[in-house]
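Numbering (the numbering used here), first residue to last: 195 to 668.
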């Protein structure tokens with residue numbers, strides 16, 4: 195008998211989607227996946243626009259990660275124009291990105307994941323939200339939200355605006371850092387460094403508690419994948435460096451320049467979703483891979499900052515050098531939150547930050563490719579520009595696309611643990627949502643949303659409906 199369960203909507207992710215879970219005649223899992231029914235059209239919208247507008251326009255793709263798009267677009271234009279920004283410009287751009295990552299990782303860990311970690315996966319959905327967290331642990335919530343606010347303040351001061359920054363342009367940054375702003379940035383970063391050393395152990399302990407309560411998430415939610423992240427000589431760098439492609443055993447396969455990405459990262463279209471998936475093409479085969487904090491942990495040998503490297507060493511001793519447990523995305527994000535604050539401290543202390551921030555630019559026709567490590571993973575902008583500086587073609591590879599195949603595997607694992615042979619709608623809702631949230635997906639980036647769309651989970655077998663579960667439908 196066909197079994198259909200609908201979850202509408204999946205909560206605490208950026209965007210909306212629908213999940214299907216198909217069972218075979220014997221009741222075993224046949225197929226599962228995330229369906230995104232929002233229209234992807236942003237790359238077509240860009241065609242015909244002036245290239246120098248890309249850092250402003252592409253930031254509007256997403257209100258969650260506009261800074262990453264702003265900087266990836268700027269770097270693509272730098273490469274198209276054949277210029278290298280000054281050291282001060284690159285330092286300020288990277289500092290802007292660090293502010294963005296502080297904000298985003300605090301949001302993910304304490305606002306989106308926080309209700310699961312603090313209140314537990316089995317808590318009533320009516321209280322399993324940020325309000326519930328504030329009531330349960332007000333001191334932790336206050337510090338987490340303050341740390342998030344500091345990230346946004348850094349982003350706003352360097353980027354000119356908090357949500358859609360405006361200061362990064364082709365050839366550099368539009369302002370010189372004055373002593374007053376520098377002093378304020380130093381104070382914010384010092385405050386964040388104190389906060390993260392209090393918050394990181396708390397987040398880690400809350401995660402470990404959930405692993406004790408739900409051990410199957412650690413033992414069965416394992417998806418061996420390849421991993422992709424950015425680094426310099428094995429050291430993580432979220433702003434600049436080569437793209438490192440590491441196989442599922444943790445062996446570096448290739449380290450590539452971003453403008454060669456299309457030789458190795460292969461996009462494909464699914465007939466049941468508007469979101470494209472991406473695989474690594476190697477040895478006449480397509481390999482599923484991850485991007486994001488855990489992938490960067492696997493792809494790079496070190497963070498290059500003392501507190502983050504010490505915590506990473508603990509993670510490796512506990513879980514192995516290369517990790518594939520989906521739940522450990524949260525642990526890797528905790529380490530990366532430490533890193534981005536430590537890295538911000540390094541950047542604001544660099545004397546080169548006080549130099550000139552612009553170089554002369556003259557556009558020429560051709561291709562420009564740029565990338566940064568967005569909070570959710572590697573983000574690539576690829577433009578074809580004509581001799582008049584007009585965009586003639588654009589391709590954007592965003593993190594959630596690259597994680598798409600792995601997300602579908604996680605949904606299947608959640609279905610096996612909490613759907614097959616079980617009747618609890620509550621456990622199903624919690625497990626599937628929690629598994630999806632481990633990737634911190636941003637569906638508006640991945641599909642370039644044109645409006646909201648509810649997410650459903652449909653479990654089917656032999657064409658008949660057994661039960662339907664809804665959340666948030668009138």
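Think of the CB as a built atom: it goes at the ideal place given N, C-alpha and C, for glycine as much as any other residue.
| field | Whole-number beta carbon distance between residue 502 and residue 536, since they are thought to touch under 8 angstroms | value | 6 angstroms
Check: With 16 as the cutoff for other CB atoms within 10 Å, does residue 454 come out buried or exposed?
Finding: By the C-beta density criterion, residue 454 is exposed, having fewer than 16 other C-beta atoms within 10 angstroms.
Mapping DSSP to helix, strand and coil, what is residue 582?
coil
Would residue 447 and residue 476 be called neighbours here (beta carbons separated by less than 8 angstroms)? yes
### Message
Once the 5 residues before and after residue 542 are set aside, which same chain residues still bring their CB inside 8 angstroms of it?
### Response
289, 376, 379, 380 and 383
Original post:
With DSSP run on the structure shown, which of helix, strand or coil describes residue 576?
Top reply: strand
### Task
Give the DSSP-derived three-state secondary structure of residue 483 in the structure shown.
strand
Leaving out five residues before and five after residue 345 in sequence, what residues of the same chain have Cβ atoms less than 6 angstroms from its Cβ? 293, 296 and 297
_I'd like the ranges of any alpha helix (DSSP H) spanning at least 4 consecutive residues and lying wholly in the stretch 214-253._
236-240 and 248-251
* How close, in whole Å, do the beta carbons of residue 608 and residue 626 come, if the pair is a contact with beta carbons under 8 angstroms? -> 5 angstroms
Cα separation between residue 374 and residue 351?
Residue 374 and residue 351: Cα-Cα distance of roughly 11 angstroms.
Residues bridged to residue 367 (per DSSP) | Answer by DSSP bridge pairing, in chain order: 362.
| said: Measuring straight from C-alpha to C-alpha, what distance separates residue 553 and residue 213? | reply: Rounded to whole angstroms, residue 553 to residue 213 spans 48 angstroms at the Cα level.
- request: For the alpha helix (DSSP H) holding residue 608, just list the boundary residues, first then last.
  value: 593-612
Is it the case that the stretch 253-263 contacts the stretch 331-338, given that we only count it when at least three CB pairs across the two stretches are under 8 angstroms?
no
Can you list, in chain order, the residues of its chain whose CB lies under 6 angstroms from that of residue 304, leaving out five sequence neighbours each side? 338
**Message:** Restricting to Cα atoms, I'd like to know which of 315, 262, 402 and 497 is closest to residue 362.
**Reply:** 262
Beta bridge counterpart(s) of residue 420 as assigned by DSSP
The partner list for residue 420 (beta bridge, DSSP) reads 483.
### Message
Whole angstroms are fine: how far does the CA of residue 343 sit from the CA of residue 259?
### Response
15 angstroms
Between residue 636 and residue 594, how many whole angstroms is the CB-CB distance? I'm expecting something under 8 angstroms.
About 5 angstroms separates the two Cβ atoms, so the contact holds.
request  = Report buried or exposed for residue 273, applying the criterion of at least 16 other Cβ atoms within 10 angstroms of its Cβ.
outcome  = That one is buried.
Residues near residue 521 by beta carbon distance below 7 angstroms, same chain, minus five either side
405, 411, 412, 415 and 632
Inset, instruction - Thinking residue 270 and residue 583 are a contact (beta carbons under 8 angstroms), I'd like their distance in whole angstroms, please. - result: That pair is no contact at about 13 angstroms.
Find out if the Cβ-Cβ distance for the pair residue 432, residue 566 is shorter than 8 angstroms.
-> Yes, Cβ-Cβ distance for residue 432 and residue 566 is below 8 angstroms.
Per DSSP, which one or two residues make a beta bridge with residue 428? Paired residues: none, contrary to the question.
In this structure, how does DSSP classify residue 408 when only helix, strand and coil are distinguished?
coil
Output yes or no for whether 8 angstroms exceeds the beta carbon distance between residue 518 and residue 418.
yes
- Item | Neighbour-count burial assignment, residue 557, 16 or more Cβ in a 10 Å radius | Label assigned to residue 557: buried.
- Task: Quick one: measure Cβ to Cβ for residue 605 and residue 227, integer angstroms, because I've assumed they're closer than 8 angstroms.
- Result: 7 angstroms
Taking only runs of the alpha helix (DSSP H) that begin and end inside the stretch 446-526, which ones reach a length of at least 4 residues, in chain order? 487-493 and 500-513
Task: Buried versus exposed call for residue 407 [16 or more other C-beta atoms within 10 Å across all chains shown] - done: Here residue 407 is exposed. Its C-beta has fewer than 16 other C-beta atoms within 10 Å.
Check: residue 565 by DSSP, collapsed to three states: which one?
Finding: strand
First through last residue of the alpha helix (DSSP H) which encompasses residue 349: 332-353
Problem set entry | Integer-rounded CB distance, given that residue 307 should sit under 8 angstroms from residue 529 | No, residue 529 and residue 307 are not in contact; Cβ-Cβ is about 15 angstroms, not under 8 angstroms.
Over what stretch of residues does the beta strand (DSSP E) that includes residue 287 continue unbroken? Not the beta strand (DSSP E): residue 287 falls in the alpha helix (DSSP H), residues 281-300.
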